[in-house]
Structures are given as structure tokens and as C-alpha cells.
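Residue numbers (my numbering): -14 to 378. To start, the structure itself, in C-alpha cells.
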Amino acid sequence: MTTPMFDDETPGYRRIKETSLCFVRGMKLGERPGRYRKEPGGEESFYGSYHAAHVLDLFGELQAFSPDDLDEWADYICDGQSENGLFARSPEMRAQRPDIDGLEPYWHVTRGHLWALRVLDRAPRYRMRFIEPLLDAGALYRWVKKYNWSNSWAAGNQVLACATVLQAQRDWFGADTVDSVLEHGMYPALEELFDRTTGYWGTQFGADLPNGLFGTIHVTPIYFQQGWPLGGVQRNVDSTLACQLADGSFWPGGSDCPDFDGAYMMSNLAELTDYRRDDLRMAARRYLEHALMHEDPDGFGWRLHRRDSTPDQWKARPHWIWRPGQADVVAELRDEDPARTHIMLGSWFYPLSIALIAHLLRDTGYEGPYRLNPMSLHGSNVFSSNRSPTEKP
-14 MTTPMFDDET
-4 PGYRRIKETS
6 LCFVRGMKLG
16 ERPGRYRKEP
26 GGEESFYGSY
36 HAAHVLDLFG
46 ELQAFSPDDL
56 DEWADYICDG
66 QSENGLFARS
76 PEMRAQRPDI
86 DGLEPYWHVT
96 RGHLWALRVL
106 DRAPRYRMRF
116 IEPLLDAGAL
126 YRWVKKYNWS
136 NSWAAGNQVL
146 ACATVLQAQR
156 DWFGADTVDS
166 VLEHGMYPAL
176 EELFDRTTGY
186 WGTQFGADLP
196 NGLFGTIHVT
206 PIYFQQGWPL
216 GGVQRNVDST
226 LACQLADGSF
236 WPGGSDCPDF
246 DGAYMMSNLA
256 ELTDYRRDDL
266 RMAARRYLEH
276 ALMHEDPDGF
286 GWRLHRRDST
296 PDQWKARPHW
306 IWRPGQADVV
316 AELRDEDPAR
326 THIMLGSWFY
336 PLSIALIAHL
346 LRDTGYEGPY
356 RLNPMSLHGS
366 NVFSSNRSPT
376 EKP
């Protein structure tokens, strides 16, 4: 169930909303629902549509769409699904029927389609038959453990996508064993992969702290959504604070995903423990100041990099690409091109992260009725999930 975070709108909230919606309007193509670019000058894009749906949902704007328009938007999203339930952007990939070990290139885009359908409140066309081999706790356990967790960021992305598919199969297609399979398959595997000295996943295998953070925020939403107790919370606080840079960001020059990841972790940690609370609050204020440096000065969405930064201060962010037929992930470096200034994801992640920081601090001037859908798992938090996760002693 999606509920507003605060009852009243502040002037700051209204500005954040208008800045974000201005970009969504600017990326709209034609009159049919759901057709958007990802970035200025780009072509029609699934990721533009997926992220636009989330921006509109965050600010309660999807309620203005008629049921017929939402149906048409969902049909557009469902055009990416094959009959065995997988989602892919190309017809050639949709024609394939890979086994479980061949699913690596499909997980992320399938997750995105399902999260888009969650916020549109519409079901996919087809049962996700491809997930059936993982409806066995032992098979799921082995599947989670197969990844190279020295790259926690990439592994965590895949596991979050798998949990999304399993939950979708449960909620839309009546797979009533899913909670048990997750509890007895995924949960013990993740517990064995957890590093209690850092509070992160993967750092004991060689992931550095930032990589561990970016992996951990893809695992913790599963814990919050399933109501599993989270261990190592105090060490997680120490690690997350250590990852923050002097300007309040979590990536040199700022970057939408890493910055959101830091804000997400801080806001949830503040709900789970009083440990270093003053430090968390100071870090949250630094983050808010940083996030606002990504707001376009003309009110046209959110910039890829801080307004006061220059290309020599940036660090190219890896996008993890799993290519068909390859078992290892590839780091594709993007976002360092000065000609690329905005993408739709930033107009979701920066206001979403500001909403989380406003919830933590409650005195920022940016409080407002942001809406978090916990089944789109980046919106699943200690305070918005359907269950009540706790800190593990």
C-alpha cells in the first residue's frame, strides 16, 4: 500500500516536485500514455517510461490518469514480455528461452518492467515461468551463492531482481510458497555472505566499502520487504559514514545511483539504531546540501553532476552489463561526457533521496506528501515496507 510520507506540503517540496515534473514533461513524446525519452535528444526509451512512472508516482501524479490511460501505459510496458515471462528490450532476446544460468542479461530489465507495473497497479500478461526452477529453497540458495561477491554492487543487483520476480509470482500468480522459499533459500545464503565487521555484503571477499555499500542497498530492501532482521547495523553506520565524501556526496562529482544509495542507507539506519545518531543527522544535512547542487538552476530536472563541479573532478560510474553467453559482468563506464547533463533516473533518485532525508531530519523545509511504493523495492524502507524488520542483536 502506498501512503504519503507527510500530510502537508512545504514550499521546498513544491519546488522539488515542479523541478522533477518539468523534466518528465520535457521528455514526453506524443499524446499516448507512457512514451518518454530517457534524456534530451534521445529516442523513445523503456527506461524513460519506467522512470517517468516512478517520478509521477512519487508525487501522486499518476492518480490524475484515467484507468484506460494506465491500462495503455501498462500494455506498453508489457510489450517487452515474452510468453515465458521474461522481459527484454529486443525481440531477438524475447525469442530466447534461456535456462536459469542464462538469465544474467535479463534480470535488471525484468526488474524494471515489474517495478513499473507495480506503480501502475497493473499485472504482467504472462506468468513468469522462467523463475520456476528457483521455487526450490536449495536451488535458490545455490543460485545466490554462485555470484562473485567481491563485486557486491553487481551481485546485489541480480539478487534484488530475483526477489522482485519471486514476489511478483507470489502476488500476481498465486505462488504461495515464495515466502518460505525466500526464507529458507535466499535468506540463509545472504546471511552467510554478510560481513559483520562492516555491516555490508561482499567486503570480506574483496569489495571495497563503496562497492559494499552499493551492493548492500540492493540487498536490504529484500530484508525490509520480507521482515527479516538485519544484523551488523552499528558497523553499517560506521561504514556508510566512512563512504560519504567531504561535499556530502557518495561519488566524485555526484552521481544519481551512488548518492541515492547513501541517502537510502542513512535514512533506514536512523530508524534501526540510536548509534551515532548525531553523526548520521550531520551527514544527512551534508547530503541534502549536496543533492540540491544537482537541481537544475532553470528548474529542468536534476543534473548528472554537481552544478559547481568540472569534468576533471568526475569519476566515470560503472554500469554493470551482463552480456548473453558470458558468465562475468562487464563494467561499462558512462556519465563522464560533458555533453550529457540530465537523465530521467536523476529526476527520480534525487527527489526520492531528498524525501528520505526529510523523513530522517523532519526539519529540512522539504517535507511533503511523497509517496513510496514498497513493492517497487527502492521504495521499501523500514518505515514503508509491508512488514516490520528489526535490528538483529
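In this text, a Cβ means the ideal position worked out from N, Cα and C, and glycines have one as well. The structure presented is a predicted model; accordingly, all values stated were derived computationally and were not measured.
Endpoints, the beta strand (DSSP E) within which residue i is located
i: Glu317; result: Val315 to Arg319
i: Pro303; result: Arg302 to Ile306
Span separating the alpha-carbon of residue i from that of residue j
i: Phe158; j: Glu177; result: 30 Å
i: Tyr(-2); j: Gly353; result: 5 Å
i: Ala153; j: Arg372; result: 17 Å
i: Lys335; j: Asp(-8); result: It should be pointed out that residue 335 corresponds to Tyr in this sequence rather than to Lys. Taking the straight line from one Cα to the other gives about 21 Å.
i: Lys300; j: Tyr272; result: 18 Å
i: Lys130; j: Leu362; result: 21 Å
i: Ala312; j: Leu215; result: 30 Å
i: Gly123; j: Pro309; result: 25 Å
i: Phe235; j: Arg291; result: 12 Å
i: Asp281; j: Asp121; result: 48 Å
i: Pro206; j: Thr(-12); result: 18 Å
i: Val314; j: Arg127; result: 19 Å
i: Ser34; j: His304; result: 19 Å
i: Asp320; j: Leu330; result: 12 Å
i: Gln143; j: Glu89; result: 8 Å
i: Gly27; j: Leu102; result: 23 Å
i: Asp180; j: Leu145; result: 18 Å
i: Ser369; j: His39; result: 16 Å
i: Pro165; j: Leu318; result: Sequence inspection shows Ser at residue 165; the Pro mentioned does not correspond to that position. For Ser165 and Leu318, the distance between alpha carbons rounds to 38 Å.
i: Arg10; j: His169; result: 45 Å
i: Thr182; j: Thr188; result: 9 Å
i: Glu274; j: Gly233; result: 7 Å
i: Met278; j: Ala324; result: 18 Å
i: Gln211; j: Asp161; result: 14 Å
i: Gly65; j: Asn366; result: 28 Å
i: Gly15; j: Glu117; result: 39 Å
Segment limits, alpha helix (DSSP H) that includes residue i
i: Lys2; result: Pro(-4) to Gly11
i: Phe158; result: Ser137 to Phe158
i: Phe31; result: Phe31 to Leu43
i: Ser332; result: Met329 to Leu346
i: Pro52; result: Pro52 to Cys63
i: Leu178; result: Tyr172 to Leu178
i: Val166; result: Val163 to Val166
Test: residue i CB closer than 9 Å to a CB of chain D
i: Ile306; result: Absent from the structure: chain D. Only one protein chain is present.
Cβ separation of residue i and residue j, assumed to be a contact under 8 Å, to the nearest whole Å
i: Ile202; j: Asp246; result: 4 Å
i: Trp138; j: Phe199; result: 4 Å
i: Lys23; j: Ile328; result: 6 Å
i: Phe31; j: Asn69; result: Between Asn69 and Phe31 the Cβ distance is about 19 Å, and since that is not below 8 Å, they are no contact.
i: Thr326; j: Arg288; result: 6 Å
i: Ile1; j: Ile306; result: That pair is no contact at about 32 Å.
i: Leu151; j: Leu167; result: 6 Å
i: Glu57; j: Pro18; result: 5 Å
i: Gly286; j: Cys7; result: 6 Å
Discussion item. My parser needs the alpha helix (DSSP H) runs of 4 or more residues fully inside the segment 204 to 266; what are they?
Written reply: 218 to 228 and 241 to 257
Worksheet item: Just checking, does the segment 79 to 88 make contact with the segment 49 to 56 on the three C-beta pairs under 8 Å criterion?
Response: no
Discussion item. Would the segment 326 to 341 count as touching the segment 234 to 249 if we require 3 or more Cβ pairs under 8 Å?
Written reply: yes
Discussion item. Assess contact between the segment 222 to 236 and the segment 247 to 264, defined as three or more Cβ pairs (one per stretch) separated by less than 8 Å. Is contact present?
Written reply: yes
Worksheet entry | Unbroken stretches of the alpha helix (DSSP H), 4 residues or longer, contained in the segment 69 to 124 | 76 to 79 and 92 to 105
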